[in-house]
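Q: The structure under discussion is supplied below as structure tokens; questions concerning it will follow.
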Amino acid sequence: MDGDSTTGAPRTAGMMLRSAREAQGLTLSDVAQRTRIPLRHLEAVEDGKFQALPSITYAMGFGRAYARAVGVDETEVARALRAELAANYQRPEPLQDLEPIDMRRGPSPSVVVIAAVIAIVLLLGVGLYFGTSLFRRDEPANPQATVAGDLGMLPPTATPATGGTAPVAPPVPAGGGQVTLTATGTTWVRIFDDTGTLVNKEMKEGDRYDVPMTAKNPQIRTGRPDLLTVTVNGSNVPPLGTGERPVTVALSAEALRNRGAASPTPTPSPAG
């Protein structure tokens, strides 16, 4: 029966999860160790205090992981969570910590002076750069020698364009390449690099994401790595994980090629 046996009220996702956990004699700390989810977030899911969670996506991911850890049908839990989130979850209003701008008031005199000084410095720098270039001896004594030297600097595989033939592009470095993720099911992902978060969302079946080739040490954190297909320059690489637990995996083309060669075990995501 899908309801509370005493009041007839429908069972919440938290009630289903708590009942299954207590029936197995588990504590929330036990579940936290199994799922690597912070204890405070598990408490929020059980108590239906969704405002304490980072987002709806995290609430759904935590609920599904909790359900798998205690052997509850995660589809039923997810259905109950969606209904509760639709009815109860509200994003907090942004703080109004900035005073409204008075459009009728012009910039202060100090701002005008600083802007003028910066403009003068920039103009002087540009003038000095181009002015001194007039006195440089940039023209070579033997133009033909310069042309020959330029041709000698071309990569071994490149040739100058002649007779309408386009020059051959230099090869892509062995460590580079375009990394693409394609979802085969619904899963949340957080992709980040040394500069911060690149994307944090729930990918659905068919969704695709191209990791920027300029990303510095890109990595992915996801709860269902088995629902992601990964390619490098269009070629498949081994799965990021089995889906038994969340993982954090390097996403650079070089790291993925090395994984394909060594087939290491994905690193579980740390708690928190």
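Residue 164 in the working numbering sits at position 84 of the sequence shown; the count goes up by one each step and never skips.
Even for Gly, the Cβ is constructed at its ideal location relative to N, Cα and C.
Which same chain residues end up closer than 8 Å to residue 164 when comparing Cβ atoms and leaving out the 5 residues on each side of it in sequence?
A: Excluding positions up to five away in sequence, the list reads 92, 93, 128, 130.
Q: Any contact of the stretch 110-126 with the stretch 268-283, i.e. 3+ C-beta pairs under 8 Å?
A: At 8 Å Cβ cutoff, the stretches do not touch.
Q: With a threshold of 7 Å on Cβ separation, who are the neighbours of residue 355 within its own chain once the five nearest residues in sequence on each side are excluded?
A: This structure does not reach residue 355, given that the chain is present from 81 up to 352, and the question cannot be answered.
Q: Does the stretch 256-266 touch the stretch 293-313, meaning 3 or more C-beta pairs lie closer than 8 Å?
A: Contact between the stretch 293-313 and the stretch 256-266 is present, because at least three Cβ pairs lie under 8 Å.
Q: My guess is that residue 146 and residue 106 are in contact by the Cβ rule of under 8 Å, so how many angstroms apart are they, rounded?
A: That pair is no contact at about 11 Å.
Q: Judging by CA-CA distance, which residue of 111, 104, 311 is the nearest neighbour of residue 291?
A: Taking only the C-alpha atoms, the option nearest residue 291 is 311.
Q: Roughly how far, in whole angstroms, is the beta-carbon of residue 314 from the beta-carbon of residue 268, given that I think they are within contact range, below 8 Å?
A: In fact, because the Cβ distance is near 25 Å, the residues do not count as touching under 8 Å.
Q: Going along the chain, which residues of its own chain have a beta-carbon closer than 8 Å to the beta-carbon of residue 270, five neighbours each way excluded?
A: Closer than 8 Å at the Cβ level, and outside the excluded window around residue 270, lie 277, 279, 280, 300, 301, 302.
Q: Should residue 189 be labelled buried (16 or more other beta-carbon atoms within 10 Å of its own) or exposed?
A: Result: exposed.
Q: Do you know whose CA, among 307, 103, 274, 167, lies nearest residue 285's CA?
A: The candidate whose alpha carbon is nearest that of residue 285 is 307.
Q: Which residues mark the beginning and the end of the beta strand (DSSP E) in which residue 282 is found?
A: That run of the beta strand (DSSP E) goes 276-283.
Q: Just to check my reading of the structure: residue 380 and residue 309 have Cβ atoms closer than 8 Å, yes? What is that Cβ distance to the nearest angstrom?
A: Residue coverage of the chain in this structure runs from 81 to 352, which leaves residue 380 outside it and unanswerable.
Q: Excluding the 5 residues flanking residue 95 on each side, which residues of the same chain have their C-beta closer than 6 Å to its C-beta?
A: If we look at residue 95 and ignore the five residues flanking it on each side, it has no Cβ neighbours.
Q: At the level of alpha carbons, what is the spacing between residue 220 and residue 205?
A: A caution first: residue 220 carries a pLDDT of 46, below 50, which makes its placement in the model too unreliable to give a value.
Q: Rounded to whole angstroms, how far is the Cβ of residue 161 from the Cβ of residue 140, which I believe are closer than 8 Å?
A: Right, their Cβ atoms sit about 6 Å apart.
Q: Out of 134, 332, 330, 325, which one is the CA nearest neighbour of residue 148?
A: The candidate whose alpha carbon is nearest that of residue 148 is 325.
Q: Could you tell me the distance, in whole angstroms, from the CA atom of residue 320 to the CA atom of residue 194?
A: Rounded to whole angstroms, residue 320 to residue 194 spans 53 Å at the Cα level.
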